[in-house]
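Take a look at the structure below.
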Amino acid sequence: MDWLELKPSEIIAICAVIVSVISLVVANKTLKAQRTHNKLSLRPIVHISKGDYEDKIFVKVKNYGLGPLIIKSCEINKFGQQYDTLVESLGDKASEIVWDTFAANIDGRVLAPQNEFILIEATFEDDFDDRIKKEIRRSLASTTITVQYTCVYGETYPEERERLSWFSRH
32 MDWLELKPSE
42 IIAICAVIVS
52 VISLVVANKT
62 LKAQRTHNKL
72 SLRPIVHISK
82 GDYEDKIFVK
92 VKNYGLGPLI
102 IKSCEINKFG
112 QQYDTLVESL
122 GDKASEIVWD
132 TFAANIDGRV
142 LAPQNEFILI
152 EATFEDDFDD
162 RIKKEIRRSL
172 ASTTITVQYT
182 CVYGETYPEE
192 RERLSWFSRH
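Mapping the sequence shown onto my numbering, position 5 (from 1) lands on 36, and the numbers just tick up by one.
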């Protein structure tokens, strides 16, 4: 085929095919970049938050990310023994407090972005028995919480492990 003998319409057709192929390559690369961006943008960021005040104690699992946090498991361990809930790990001491709220087992639950699950929360009046508060703090201080989680894309992230030793500073 002699390129000099091509008609203008044939040259235009060949150029159109070349431009179409280039467009497909660019579209494919853009799609891959967008998928990568979406995975990074919708990543959950788990944080185990603890509060220990004179009048309040709480432990929460928070999602600071922009994507849903899918909890595969939330393990509560104390002295090598595993519990389903944080309240259960406190044993008989848990019944001596009126809890503001506490969570059941959160395995398999989904935590929306910028939200939290309250594992335990208690508010104490001024006349509340300090001995019970100390026992609760001592029990929490020997507890470790481990959260294994994933995102909507099914990617598994390193587990978040938090020792609640913060409660032992009193």
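Quick reminder that beta carbons are idealized off the backbone N, C-alpha and C, glycines included. In this text the structure is predicted, and so the values were computed from the model without any measurement.
- Per DSSP, the continuous beta strand (DSSP E) segment holding A153 begins and ends at E147 to T154.
- Per DSSP, C46 is one residue of the alpha helix (DSSP H) stretching across P39 to S72.
- Of the other Cβ atoms in all chains shown, fewer than 16 fall within 10 Å of the Cβ of A143; this residue is therefore exposed.
- In the three-state DSSP reduction, E36 falls in the helix class (H, G or I).
- Within the same chain, and ignoring the five residues on either side of D86 in sequence, the residues whose Cβ sits closer than 7 angstroms to its Cβ are T154 and F155.
- Restricting attention to S170, R74, S173 and E152, the CA atom closest to the CA of T187 is found in R74.
- Between G185 and R162, the alpha-carbon positions lie close to 46 angstroms from each other.
- The Cβ atoms of S170 and S120 sit closer than 9 angstroms to each other.
- DSSP lists no beta-bridge partner residue for Y188.
- At the C-beta level, K93 and N136 stay beyond 9 angstroms of one another.
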